[in-house]
Amino acid sequence: MKKQVLNIFTVIALCTAVVGCKKAKEANTSEAEAAAVSESTTQKYVANVTESTIEWKGFKPTGTHNGTVAIESGVFHVDNGTLQSGTFLIDMTSINAIDVEGDQKKNLEAHLKGTVEGKEGDFFDVTKFPSGAFEITGTQAAEAGKTMLSGNLALKGNKHNVTFPVTITTEGDFITITSDAFSIDRTKWGINYGSKTIFDNLGDKFINDEMELKITVKAKKA
Numbered sequence: 001m002k003k004q005v006l007n008i009f010t011v012i013a014l015c016t017a018v019v020g021c022k023k024a025k026e027a028n029t030s031e032a033e034a035a036a037v038s039e040s041t042t043q044k045y046v047a048n049v050t051e052s053t054i055e056w057k058g059f060k061p062t063g064t065h066n067g068t069v070a071i072e073s074g075v076f077h078v079d080n081g082t083l084q085s086g087t088f089l090i091d092m093t094s095i096n097a098i099d100v101e102g103d104q105k106k107n108l109e110a111h112l113k114g115t116v117e118g119k120e121g122d123f124f125d126v127t128k129f130p131s132g133a134f135e136i137t138g139t140q141a142a143e144a145g146k147t148m149l150s151g152n153l154a155l156k157g158n159k160h161n162v163t164f165p166v167t168i169t170t171e172g173d174f175i176t177i178t179s180d181a182f183s184i185d186r187t188k189w190g191i192n193y194g195s196k197t198i199f200d201n202l203g204d205k206f207i208n209d210e211m212e213l214k215i216t217v218k219a220k221k222a
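Position 83 of the sequence shown, counted from 1, bears residue number 83 in the numbering used here, the numbering being contiguous throughout.
Now the structure itself:
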């Protein structure tokens with residue numbers, strides 16, 4: 001019996017370790033920097049918005065929610081296969097929750113957009129801030145063929161520089177930028193709803209400050 005109990009606790013410990021390892025690393029965050037500038041000889045690429053997206057995941061004590069946000073537009077400059085500069089806009093009005101359905105989906109999306117009557121301005125307040133943006137400030141080669149991408153992320157009227165690993169691939173006239181999953185502290189962008197570091201007496205009704213993102217942008221040579 002003791003051996004069985006020990007085995008059970010061993011399994012639980014291993015499962016906890018695996019889940020912990022899967023947690024996305026927080027992006028290095030700092031003050032906004034000057035955007036990267038490209039030489040006139042670089043090749044221009046334009047984002048294909050139908051094949052580009054941002055996946056998001058939010059956490060709370062009772063579980064998680066996840067979904068997508070659409071890329072509105074984007075332009076990048078590449079020199080001999082190396083990403084030099086670029087900017088893409090984020091359509092915050094397109095926030096989509098994919099883990100729920102029906103009224104629950106409708107209500108969650110409205111709350112995230114900040115359009116619920118009586119709770120206007122919650123979370124991303126898309127009526128006032130319908131677009132977000134990311135502008136590249138620099139790139140640096142990393143291990144395993146990855147690139148550390150730095151850029152200013154603008155959300156809800158706030159801008160901070162974040163650095164995270166991406167994989168950049170080119171095929172014919174196309175370039176694809178795919179990030180590893182990474183997390184940001186949403187309160188640094190003024191997204192404070194349900195944060196126990198901002199508000200007291202939330203009990204277990206809080207929402208984690210860490211928000212996970214994964215960016216995929218596909219662009220075609222102009």
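A virtual CB, placed ideally from N, CA and C, is assigned to each residue, including glycine.
Residue closest to residue i, alpha-carbon to alpha-carbon, out of the options
{"i": "Asp99", "options": "Asp79, Thr64, Asn48", "result": "Thr64"}
{"i": "Lys205", "options": "Ile198, Gly118, Met211, Gly194", "result": "Gly194"}
{"i": "Phe124", "options": "Thr139, Ala154, Ser150, Asp103", "result": "Ala154"}
{"i": "Val78", "options": "Thr29, Glu55, Ser40", "result": "Ser40"}
{"i": "Tyr45", "options": "Phe76, Ile184, Ala144", "result": "Phe76"}
Residue i vs residue j beta-carbon contact at 7 angstroms
{"i": "Thr137", "j": "Ala35", "result": "yes"}
{"i": "Ala70", "j": "Phe182", "result": "no"}
{"i": "Met148", "j": "Thr163", "result": "yes"}
{"i": "Asp103", "j": "His111", "result": "no"}
{"i": "Thr68", "j": "Thr53", "result": "yes"}
Nearest-angstrom Cβ-Cβ length linking residue i and residue j, presumed shorter than 8 angstroms
{"i": "Phe174", "j": "Lys214", "result": "Actually they do not touch by this definition, with Cβ atoms about 19 angstroms apart."}
{"i": "Gly190", "j": "Lys156", "result": "5 angstroms"}
{"i": "Lys60", "j": "Asn208", "result": "6 angstroms"}
{"i": "Lys220", "j": "Gln43", "result": "Not quite, the Cβ-Cβ distance comes to about 11 angstroms (not below 8 angstroms), so this is no contact."}
{"i": "Leu89", "j": "Ala133", "result": "5 angstroms"}
{"i": "Asp185", "j": "Glu210", "result": "6 angstroms"}
Limits of the unbroken alpha helix (DSSP H) element including residue i
{"i": "Asn107", "result": "102-113"}
Residue i, enclosing beta strand (DSSP E) - first and last residue
{"i": "Glu31", "result": "28-31"}
{"i": "Glu210", "result": "210-221"}
{"i": "Val46", "result": "43-47"}
- prompt: Can you list, in chain order, the stretches of the beta strand (DSSP E) that have 3 or more residues and sit fully within the stretch 58-91?
  reply: 63-79
message: To test your reading of the DSSP string, which unbroken beta strand (DSSP E) runs of 3 or more residues are found completely within the stretch 117-202?
response: 131-141, 147-155, 158-171, 174-179, 182-185
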